[in-house]
Amino acid sequence: MKRPSLHEEATVLDVAVRPLVESDLPVADHVMRLAFGTFVGLPEPTSFMGDADFVHTRWRANPDAAFAALVGGRFGGSNFATRWGSVGFFGPLSIHPDLWDRGVGKRLMEPVLDCFEQWGTQQAGLFTFSHSTKHVALYQSFGFWPRFLTAIMSKPVAATAPDIAWTVFSDVPIVEREDMLTACGGLTDSVHEGLDVSAEIRAVAQQNLGDTLLLWDDGELAGLAVCHCGTGSEAGGGACYIKFGVVRSGPSAARDFNMLLGACETMAARKGLARLVAGCNLARAEAYGCMRKHGFRTDLQGVAMQRHNDPGYNRPGVYLIDDWR
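Residue numbers (the numbering used here): 314 to 638.
Structure representation (structure tokens):
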């Protein structure tokens, strides 16, 4: 007897949501690539993102915030929540194409919202396709509101800036790393209360995904950039992806942000990487303008949706890089 398809099973069976476990990762990665590749119309959908990796890296960073949906006992999709201190976002939320429009996505939203509640998240958001009324409507039903576009930008790695004072987290002695993470938390908190990307810095170090660049000004920490580098990271082969970057707010922020961009390009060049990739929400107009002047151009764009229509740190005067994918 032929087993019913996932689509057929979804019409008669309840969807079960549980934590994503390590043995799920190969199929979760496959479904994520198939889902997004199908949506954007790739001839070979599972080639989506090439040799970049979002599923394994995010599960390893926080297995307790990764969730799977099962339909009739078979894997149907996954979702990941990320905590940056007082800030939370989720994704990639991916559903097998056979299960689209069957309510599976709504079920995978429930544990993520529970995470935000448990964490005491003050600013919550997501990145989604700006042209997709279906996606926007789904997230609106959970209280997220579409605000400014977020541009995913890149530039060829060429210039180097040898005069900029920067170091990397991997060179910090192990006994001093907790103090350095505290300093990084103080910097991010100065930009937005409670913002803390220590978990990202740890994940990059522990998984050997790249490095975190530390920008200095007269001995003081002026900025940081959490960078994924190459195959197996969220960057993919030949690329340096600034997953998060920020400089301290104040009168020197524009200068420091330009130096941070230059330092990231220098680091990428030293690693033999060809492209520098970074995202910027267009509400952060000054940061976006700096990136344009530095040579970044937009490859794709989506919309940042934010719970309760709260701007959070997506506002003018904030020199910060991220994209919430």
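No residue lacks a Cβ here, since even glycine has one placed at the ideal position from N, Cα and C.
- Cβ contact annotation for A474 (same chain, cutoff 8 Å, sequence separation greater than five): M572, G575, A576, E578 and T579, in chain order.
- If you compare the alpha carbons of F352, V400, R610 and L462 with that of C428, the shortest gap goes to V400.
- Here D635 is not near F570, since their CB atoms are 8 Å or more apart.
- Going by beta carbons, W372 and A379 fall inside the 8 Å limit.
- A direct Cα-Cα distance of roughly 32 Å separates D612 from D377.
- Taken through DSSP and simplified to helix, strand or coil, G558 comes out as strand.
- Given a length threshold of 3 residues, each whole run of the beta strand (DSSP E) inside the stretch 330-384 is given here in chain order: 379-384.
- Between the alpha carbons of G549 and D364 lies a gap of roughly 5 Å.
- Around the C-beta of Q436, 16 or more other C-beta atoms lie within 10 Å, and the residue is accordingly described as buried.
- The bridge partners DSSP lists for N594 are T463.
- Around the Cβ of I514, a 10 Å sphere holds 16 or more other Cβ atoms; the residue is buried.
- Of S483, V340 and T480, the smallest CA-CA separation from G389 is found for V340.
- Per DSSP, T473 is not a residue of any beta strand (DSSP E), being assigned neither H nor E.
- Within its own chain, the residues whose Cβ lies closer than 8 Å to the Cβ of C603, once the five positions on either side in sequence are excluded, are A567, F570, N571, L574 and Y632, listed in chain order.
- Proximity to S454 across L526, S391, A538 and R620 peaks at R620, based on C-alpha coordinates.
- A direct Cα-Cα distance of roughly 18 Å separates G404 from G545.
- Annotation: H343 to D530 spans about 44 Å, alpha carbon to alpha carbon.
- With respect to the C-alpha of R387, the residue from W397, I408, F402 and N375 having the closest C-alpha is I408.
- In terms of CA proximity to A471, G585 leads the group G585, E335, A596 and Y626.
- In the three-state DSSP reduction, G536 falls in the strand class (E or B).
- Close CB contacts of N622 within its chain, under the 8 Å cut and outside five residues either way in sequence, are with W458 and R460 (chain order).
- A512 and T370 have their alpha carbons spaced roughly 12 Å apart.
- Counting other Cβ atoms within 10 Å of its Cβ, H444 stays below 16 and is therefore classed as exposed.
- Around the beta carbon of E547, a 10 Å sphere encloses 16 or more other beta carbons of the protein chains shown; the residue is thus reported as buried.
- Nearest in C-alpha terms to G507, of all of D524, L355 and W397, is W397.
- Taking the CA atoms as reference points, H541 sits about 11 Å from F367.
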